[in-house]
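In terms of my numbering, the sequence shown has 31 at position 21, counting the first letter as 1, and numbering is strictly consecutive.
Ideal placement from N, C-alpha and C gives every residue a C-beta, glycine not left out.
Below you'll find the structure, written out as structure tokens, and then a few comments.
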Amino acid sequence: MKKLANTRGMGFSLIELLVVVAIVGILGAVGVPMYTDHITRGKIAQATELLSEAKVRMEQVYNSNRSYGNSDGECPDLSGSFSDSSFSLAVSNCPGTDAAPTFTLTATGQSSKGMSGYSYTIDQNGSKTSTTPASGESVNCWLMSKGAASC
């Protein structure tokens, strides 16, 4: 039988192992924040899509009743479409049939789903505002990423 030229064995050296650990650490340090930012942008896109859909539903309510709210000034409950979302929906500013037709839809991020500090609104005129942890204050558009400070 022939003897193998390498008698060291088939294991890894400590240097090889350290190089692999360093490469995995660098990839993790870059990849994990990019992944979480991607997930956040997806949740924001879902919230703004649902707000746009809720605005259309409010217009349907207005077309049926000639008012966004009922005679007592109560707004319709549209929160059903937000049940699986990382945001909760609030419908407000729906005066009764005698007042000017207005409404405000607000999607607020749920802290239990990692969206604390995010808030998006739209009104009957289509005016949009948003607040994100990066902006810290309300701006007159929908910011679509965590790091965005202006539109």
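For residue 30, the number of other beta carbons within 10 angstroms of its own is below 16, and it is reported as exposed. Its Cα nearest to that of residue 86, the residue 77 stands out among 77, 152 and 94.
Here the C-alpha atom of residue 88 lies approximately 19 Å from the C-alpha atom of residue 139. Under the DSSP assignment, residue 101 falls in the beta strand (DSSP E) whose first and last residues are 97-102. In the DSSP assignment, residue 47 falls within the unbroken alpha helix (DSSP H) covering 24-75.
Residue 79 places its beta carbon less than 8 Å from that of residue 105. Spatial neighbours of residue 34 in its own chain (CB-CB distance under 7 Å, excluding positions within 5 residues in sequence) are not present.
Around the beta-carbon of residue 99, 16 or more other beta-carbon atoms lie within 10 Å, marking it buried. Shown here, residue 90 sits in a helix according to DSSP, grouped into three states. By the Cβ neighbour-count rule, residue 119 is buried, with 16 or more other Cβ atoms within 10 Å of its own. Sixteen is the threshold: when 16 or more other Cβ atoms of the shown chains lie within 10 Å of the Cβ of residue 96, as they do, the residue is buried. DSSP, reduced to helix, strand and coil, places residue 121 within a helical segment of the structure shown. Sixteen is the threshold: since fewer than 16 other Cβ atoms of the shown chains lie within 10 Å of the Cβ of residue 46, the residue is exposed.
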